[in-house]
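*Asks:*
Chains as they are written, first to last, in the working numbering: chain A, 1 to 178; chain B, 1001 to 1137.
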């Protein structure tokens, strides 16, 4: 008859080895860095709001920056002209923050995506067109919209997750690119 | 805007970009591995971000009469109109093709992921095309 601590330890070993919470199969690279990264992203958007009252989705900068260069009436809207300066500073901060991570916490070798150039260019074009038509992206609808409990944003998130999952599976099935 | 508010914007952006680095969302391969059901980490990233942001958006205005460095709290009205839904569908097609969304396209540059410049150029071009068409409607 084993004593109690030994039995508990044996039970825990079996319990964890069987991946009871499916952590190993759902997150083969580990799950902690995803949660911690998400908390940092949320705190960036949250701090922006608490300190300045601004709502910081990422995709608007791609329209507001065109207002510096283009005379098209769409880009001349107040919502772009009045926000273009802080949106650029915000984007600069994002580059800076990613650099701080890379420099002190990241891998020695920079991440270098191996996707073919046409896939990045064509995908990027559709991302830019769609996110601006939809007036939000993964952060605008996915973080800010959901945090404001906006149901149209939830709908947008479900739609873009749906089309993205279908296309990613198709691309993998056809075997083009990475 | 007060000078301190500009610093706040820069710091907030840096927290966002740092989080994109920590969560490895600046690698399109990681995003695509989520979309292909290999690694569900993206849901943890999105969930973690939404929880913190939800606290700030929902509790902040109840505790503070105004933001620390500005006169008013902003809002983000969203409509479930045709543009929002069609745009989301198109955005998803592009996202599924390249695994890059606007935040990581910007932040990835700070981590030396230079091929993301191609996606960034594509996003700028797409945003211009959208504004061009919208200006003619």
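All residues carry an ideal CB built from backbone N, CA and C; glycine is no exception.
Name the chain B residues whose beta carbon is nearer than 8 Å to that of residue 132 (chain A)?
*Replies:* Counted from its first residue, the first chain places residue 132 (chain A) at position 132. 1087, 1126, 1127, 1130 and 1131, listed in chain order.
*Asks:* Is the Cβ of residue 1003 (chain B) closer than 9 Å to any Cβ of chain A?
*Replies:* What you label residue 1003 (chain B) is simply residue 3 of the second chain in a count that begins at 1. No, because no Cβ of chain A sits closer than 9 Å to the Cβ of residue 1003 (chain B).
*Asks:* Does any residue of chain B have a CB that is nearer than 9 Å to the CB of residue 175 (chain A)?
*Replies:* Within the first chain, the letter at position 175 stands for residue 175 (chain A). So, not an interface residue.
*Asks:* In terms of alpha-carbon separation, which member of A:14, A:134 and A:160 lies closest to residue 1077 (chain B)?
*Replies:* Here residue 1077 (chain B) corresponds to residue number 77 of the second chain, with the count starting at 1. Looking at the Cα atoms, A:134 is the closest of the given residues.
*Asks:* What does the Cβ neighbour count give for residue 30 (chain A), buried or exposed, with the cut at 16 atoms within 10 Å?
*Replies:* Indexing the first chain from 1 puts residue 30 (chain A) at position 30. Exposed.
*Asks:* Considering Cα atoms alone, identify which of A:8, A:6, A:33 and A:58 is closest to residue 1014 (chain B).
*Replies:* Within the second chain, the letter at position 14 stands for residue 1014 (chain B). Of the candidates A:8, A:6, A:33 and A:58, the one whose C-alpha sits nearest the C-alpha of residue 1014 (chain B) is A:58.
*Asks:* Grab the span of the alpha helix (DSSP H) containing residue 33 (chain A) for me, first residue to last.
*Replies:* As a first step, residue 33 (chain A) must be located in the first chain, where it is residue number 33. Run containing residue 33 (chain A): 32-52, per the alpha helix (DSSP H) assignment.
*Asks:* Anyone know if the C-beta pair for residue 125 (chain A) and residue 1123 (chain B) falls short of 9 Å?
*Replies:* The count along the first chain starts at 1 and reaches residue 125 (chain A) at position 125. The count along the second chain starts at 1 and reaches residue 1123 (chain B) at position 123. It is a contact, given that the beta carbons lie within the stated cut-off.
*Asks:* Which two residues bound the contiguous alpha helix (DSSP H) that contains residue 255 (chain A)?
*Replies:* Past the boundaries of the shown model lies residue 255 (chain A); chain A is included only from 1 to 178, so the question cannot be answered.
*Asks:* Does residue 1076 (chain B) get closer than 9 Å to chain A when you measure Cβ to Cβ?
*Replies:* The residue you call residue 1076 (chain B) lines up with position 76 of the second chain. Closer than 9 Å: yes.
*Asks:* Excluding the 5 residues flanking residue 1030 (chain B) on each side, which residues of the same chain have their C-beta closer than 6 Å to its C-beta?
*Replies:* For the purposes of this step, residue 1030 (chain B) is taken as residue 30 along the second chain, with counting starting at 1. The residues are 1024.
*Asks:* Starting from the N-terminal side, write out each stretch of the alpha helix (DSSP H) that is 4 residues or longer and does not extend beyond the stretch 65-104 of chain A.
*Replies:* Correct list: 78-81 and 84-104.
*Asks:* Is the stretch 116-130 of chain A touching the stretch 1115-1122 of chain B in the sense that three or more CB pairs, one from each, lie closer than 8 Å?
*Replies:* A contact exists between the stretch 1115-1122 of chain B and the stretch 116-130 of chain A.
*Asks:* Check each candidate in A:85, A:39 and A:35 and name the one with the smallest Cα separation from residue 1001 (chain B).
*Replies:* Here residue 1001 (chain B) is taken as the residue at index 1 of the second chain, counted from 1. The residue with the shortest Cα to Cα distance from residue 1001 (chain B) is A:85.
*Asks:* In chain order, what residues of the stretch 93-119 of chain A put their CB closer than 8 Å to some CB of chain B?
*Replies:* Hits within the stretch, in order: 93, 94, 95, 96, 97, 98, 99, 100, 101, 102, 105, 106, 110, 111, 112, 113, 114, 115, 117 and 119.
*Asks:* Please report the Cβ distance between residue 1127 (chain B) and residue 63 (chain A), rounded to the nearest whole angstrom; I am assuming they are in contact, meaning their Cβ atoms lie under 8 Å.
*Replies:* Locating residue 1127 (chain B) in the second chain gives position 127, counting from the first residue. Locating residue 63 (chain A) in the first chain gives position 63, counting from the first residue. Confirmed, Cβ separation roughly 5 Å.
*Asks:* What does residue 1036 (chain B) touch in chain A if you count any residue whose Cβ is under 7 Å from its own?
*Replies:* Counting from 1 along the second chain, the entry for residue 1036 (chain B) is found at position 36. Within chain A, the residues near residue 1036 (chain B) are 168, 169 and 172.
*Asks:* Looking at residue 1022 (chain B): is its Cβ nearer than 9 Å to the Cβ of residue 49 (chain A)?
*Replies:* Here residue 1022 (chain B) refers to the residue found at position 22 when the second chain is read from its first residue. Here residue 49 (chain A) refers to the residue found at position 49 when the first chain is read from its first residue. No, the pair does not count as a contact, with Cβ atoms beyond the cut-off.
*Asks:* Under 7 Å between beta-carbons, which chain B residues line up against residue 78 (chain A)? List them in chain order, please.
*Replies:* Against the first chain, residue 78 (chain A) aligns to sequence position 78. In chain order: nothing, as chain B lies at least about 14 Å away.
*Asks:* So is residue 1008 (chain B) in contact with chain A if we call contact Cβ pairs under 9 Å?
*Replies:* To locate residue 1008 (chain B), count along the second chain from 1; it is residue 8. By this cut-off, residue 1008 (chain B) is an interface position.
*Asks:* Considering just the uninterrupted stretch of the alpha helix (DSSP H) at residue 1104 (chain B), what are its terminal residues?
*Replies:* Taking the first residue of the second chain as position 1, residue 1104 (chain B) is located at position 104. Residues 1102-1107.
*Asks:* If we call anything under 9 Å between Cβ atoms a contact, is residue 1053 (chain B) one with residue 138 (chain A)?
*Replies:* Residue 1053 (chain B) sits at position 53 when you count from the first residue of the second chain. Residue 138 (chain A) sits at position 138 when you count from the first residue of the first chain. No, the Cβ-Cβ distance between residue 1053 (chain B) and residue 138 (chain A) is not below 9 Å.
*Asks:* To the nearest angstrom, report how far apart residue 90 (chain A) and residue 51 (chain A) are at their CA atoms.
*Replies:* Here residue 90 (chain A) corresponds to residue number 90 of the first chain, with the count starting at 1. Here residue 51 (chain A) corresponds to residue number 51 of the first chain, with the count starting at 1. So the two alpha carbons sit approximately 14 Å from each other.
*Asks:* With a cut-off of 8 Å, do at least 3 Cβ pairs link the stretch 165-173 of chain A to the stretch 1027-1041 of chain B?
*Replies:* These segments touch.
*Asks:* By how many angstroms is the C-alpha of residue 1105 (chain B) removed from the C-alpha of residue 1148 (chain B)?
*Replies:* The shown model of chain B, from 1001 to 1137, leaves out residue 1148 (chain B), and the question about it has no answer.
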